[in-house]
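First comes the structure, then the notes that go with it.
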Amino acid sequence: MSDHTVKSYDEELAHLTNIIARMGGMAEAQFASALQALSKRDSDLAARVVAGDTRVDELEHEVQQFTVRLLALRQPVASDLRHIVAALKIGAELERVADYAANVAKRSLVLNQLPPVKPVSAVLHLAHLVQEILKDILDAYIERDVEKAIRVWNRDEEVDDLYTGLFRELITYMMEDPRTITACTHLMFMAKNIERIGDHATNIAETLHFLVVGTPIKGERPKGNTVDTE
Amino acid sequence: MNAIPVTQPSLSKVSARDVNVYYGQKHALKHVDLDIRPNDVTALIGPSGCGKSTFLRCINRMNDLIDNAQVTGLLTLDGDDVYDRNIDVVQLRARVGMVFQKPNPFPKSIYDNVAYGPRIHGMARDQAELDEIVMGSLEKAGLLAEVKDRLEETGTGLSGGQQQRLCIARAIAVAPEVILMDEPCSALDPIATAKVEELIDELRENFTIVIVTHSMQQAARVSQRTAFFHLGELVEVGDTEQIFTNPQHPLTQGYITGRFG
């Protein structure tokens, strides 16, 4: 699309995209470090992730202030309005992603006090899938790529299925050896947090679709079974 | 005059089919098809010279007053051909009132400004009836409380915003069906503008309103439907909410977001 007659408006919109990109990068990095802390039993790294969450919060605050300013001063409409509203929503989603990453790091600090348990690798397996999805949706945001966003949106089912399998695996493990209940319960919450990160990536996909096309994604989101009823 | 059938006459108060306007050689309005729904506020937007005011002026044949203007196509009001030979233009303008950019009260008293139309159209049998029309119109225009003690004072002595509401009272005194407004707030401050906008919203109950405005925000605030004109063509028309959140045409998008080259 061509530029605004008022150049500074374009600069402000670009700045908004930039903050979101930075936030996305930071949330990704926090998540990756939290997973590394989990796999390497690295308590120092986990502590750094927990402490680092405030920087993401600060960026979200910046997004909020900036969007309110743009709404008040530019009175945006059409694609500009969608751009700004989407940034506000995606900022909030990314803040939650970083929160969950910090939560994973916090629990890994506890896990490091306990003997290692085998299902950690299965949690990491789930996490790597979610990392891919998160990366894809952030790329899609920068490129304004609706097709990619729809692919991410459709992949949430994979996450849900993997999570359901992991849930069963953890229960089986705990039944076989009740001494692992403490560690496995923490892993279960971590798995839930990671699954939620996937959900937030899906939300970003929906917002991105609205940003670019102006309408919601059509159809029901494909949904795996997230609650094990056994 | 060609006779393209009006598709949904019951749904439109004013209906344009292939309407063209020429000012001499200049083709100012090109093949416009547009339906104005009853009791809606329809905003006409677009850059200067896009034809929005020209279209507005077709509806009550104000273009007749311009020497070399020529109108073709079919324009109907409640299914009646506005440009029919047998139409009485004075009667037409009583059915389709107009409010202009600059408030233009007559150099008469406030009372006479409003009473002027009803008098020439013989709408009141006696003074009591005329009083009723004048007071009712001032009331509907949201002006009565401010002027009821000085109805004999001259209308030009009012503030700009009051003058514009006086012009609206004058327009509605003859009980029109449609009110055309050509940038009615461009000479008003924000508070007077807000009062006129509030008034437009109230008037919608009894009248069909078509408003030309250069203020995107005003179009967004007051209208239910928005039509975007560019270089004499109607580019896009839709629900105002849709036009301002998800316009379908790139030209509309460019204009309302301020990206016009």
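So the protein sequences, as listed, match chains A and B.
When you line the first sequence up against this note's numbering, it's residues 7 to 236, in that order.
When you line the second sequence up against this note's numbering, it's residues 1260 to 1520, in that order.
Cβ coordinates follow ideal geometry from the N, Cα and C atoms, glycine included.
Annotated three-state conformation of B/Q1386 is helix, per DSSP. Under the Cβ criterion of 7 Å, B/Q1483 is not counted among the residues facing chain A. DSSP, read as helix, strand or coil, puts B/T1485 in strand.
Its Cα nearest to that of A/F173, the residue A/F195 stands out among A/E164, A/I156, A/F195, A/E163. Per DSSP, the unbroken beta strand (DSSP E) holding B/M1440 starts and ends at 1437–1441. The beta carbon of A/S8 sits closer than 7 Å to some beta carbon of chain B.
Residue-level contact by beta carbon fails for B/G1420 and chain A, as no gap is shorter than 7 Å. The alpha carbon of A/V129 has as its nearest neighbour, out of A/E17, A/V12, A/F216, A/A40, the alpha carbon of A/A40.
Interface annotation, B/F1503: in contact with chain A, CB-CB separation under 7 Å. Interface annotation, B/R1463: not in contact with chain A, CB-CB separation never under 7 Å. Taking C-beta atoms under 8 Å as the contact rule, A/A78 and B/T1504 fail to qualify, at a distance of about 18 Å. For B/E1492, the enclosing beta strand (DSSP E) has its first and last residue at 1492–1498. Taken through DSSP and simplified to helix, strand or coil, A/G171 comes out as helix.
For B/Q1422, no pairing in a beta bridge is given by DSSP. The three-state secondary structure of B/L1447, taken from DSSP, is coil. Judged by DSSP in its simplified three-state form, B/N1279 adopts strand. For A/L87, the chain B residues whose Cβ falls inside 7 Å of its Cβ are T1504, in order along the chain. Contact annotation for B/F1519 against chain A: T11 [CB-CB distance below 7 Å, chain order].
In terms of Cβ geometry, A/V69 and A/I139 do not form a close pair [threshold 7 Å].
Look at B/I1515: its C-beta is under 7 Å from a C-beta on chain A. Among the residues facing chain A, B/Q1350 is not included, as its CB has no counterpart in that chain under 7 Å away.
Contact check between the stretch 213–228 of chain A and the stretch 170–184 of chain A: fewer than three CB pairs, one atom from each, fall below 8 Å, which does not count as touching. Cβ atoms of A/I210 and A/V110 stay farther apart than 8 Å, at about 19 Å.
Secondary structure of B/A1434 (DSSP, three-state): coil. Listed in chain order, the non-local C-beta contacts of A/L120 below 7 Å within the same chain comprise T188, A189, local neighbours out to five positions each way being set aside. No residue range can be given for B/I1346, since it is assigned to no beta strand (DSSP E) and is classified by DSSP as neither H nor E.
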